[in-house]
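For reference, the structure discussed in these notes is given below.
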Amino acid sequence: MPDRPHGPDKQGNAVRTVPNSQFVPAAVVRRNNPSDLVELAFASENHELVRRLVCQSLASIEAVVFKSAETEQTRLLRGAAAKADHTVLLSIFLCLLNVDPGLKEAVMISASAPNKHKLAGMLQQLRNTLVVDFFTDESVSPAGFNHACEDLYIVS
């Protein structure tokens, strides 16, 4: 079935329609810095990147805090990270971002210059409010925590 004219668009060009079987969506162009780790972490297609960052952060915490010894808690978190969906994995990442100076440094280094201020504001609120609420208020789900962090990042 050939495409059919549908009338002019705002610029006066004819708009054409095609059957669903022939529809090809336009390519999505990302406008953000592709190395901005926080922005990348929020996108579910970067699940493996977030998993790798979580595992590196756990290793960093073990090296600095526990003198390279694996603890019950880090073992459990590593196991959860290995099989978690993106929502849970992102929650773990954001909580680790609150406590691991190595992860904070990696995130700050990766941030574009205009986003460094935004990231600093997010990290302060993450520490002072969001993580505290997440761990003390049972009504805050991992998805709710993630959305609150993403909203804070966007608004900061």
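When you read off a place in the sequence shown, starting at 1, and then add 22, the result is the number in my numbering.
Cβ coordinates follow ideal geometry from the N, Cα and C atoms, glycine included.
Closer than 6 Å by C-beta to residue i: which residues in its own chain qualify, once you throw out the five before and the five after it? Chain order, please.
i, result
"Lys140", "Ser178"
"Arg100", "Leu80"
"Phe156", "Val162 and Phe167"
"Asp122", "Ser79, Ser82 and Ile83"
"Leu98", "none"
"Leu174", "Met144 and Gln147"
DSSP has residue i in a bridge; who is on the other side?
i, result
"Thr109", "DSSP output for Thr109 lists no bridge partner at all."
Within the same chain, show all residues whose beta-carbon is closer than 8 Å to that of residue i, passing over the 5 residues directly before and after it, in chain order.
i, result
"Glu84", "Ser90, Ala91, Glu92, Thr93 and Thr96"
"Asn68", "Leu62"
"Ala165", "Thr109"
"Phe88", "Thr96"
"Lys138", "Met130"
"Ser66", "His108"
What residue range does the alpha helix (DSSP H) around residue i cover?
i, result
"Ala133", "No alpha helix (DSSP H) contains Ala133, which DSSP labels as neither H nor E."
"Ser2", "Nothing about residue 2 can be reported from this structure: the residues present for the chain run from 23 to 178 only."
"Gly64", "Position check: residue 64 holds Phe in this sequence, whereas Gly was assumed. Segment Leu59 to Phe64, the alpha helix (DSSP H) holding Phe64."
"Ala85", "His69 to Val87"
Give every residue of the same chain whose Cβ lies closer than 7 Å to the Cβ of residue i, excluding the five residues on either side of it in the sequence, and list them in chain order.
i, result
"Val76", "Ala103, Leu111, Ile114, Phe115 and Leu118"
"Ala128", "Leu59"
"Asp159", "none"
Can you tell me the Cβ-Cβ gap for residue i and residue j, rounded? I've got them flagged as a contact below 8 Å.
i, j, result
"Leu71", "Ser132", "Not confirmed; about 11 Å, so no contact."
"Arg74", "Asn120", "Not confirmed; about 19 Å, so no contact."
"Cys171", "Leu145", "That pair is no contact at about 10 Å."
Answer with yes or no whether the minimum CB distance from residue i to chain B is below 7 Å.
i, result
"Ala170", "In the displayed structure, chain B is absent; only one protein chain is listed."
According to the Cβ coordinates, are residue i and residue j closer than 7 Å?
i, j, result
"Ser82", "Gly124", "yes"
Give a single yes or no on whether residue i has its beta carbon closer than 6 Å to a heavy atom of the ligand COA.
i, result
"Leu62", "This structure simply doesn't include the ligand COA, nor any ligand for that matter."
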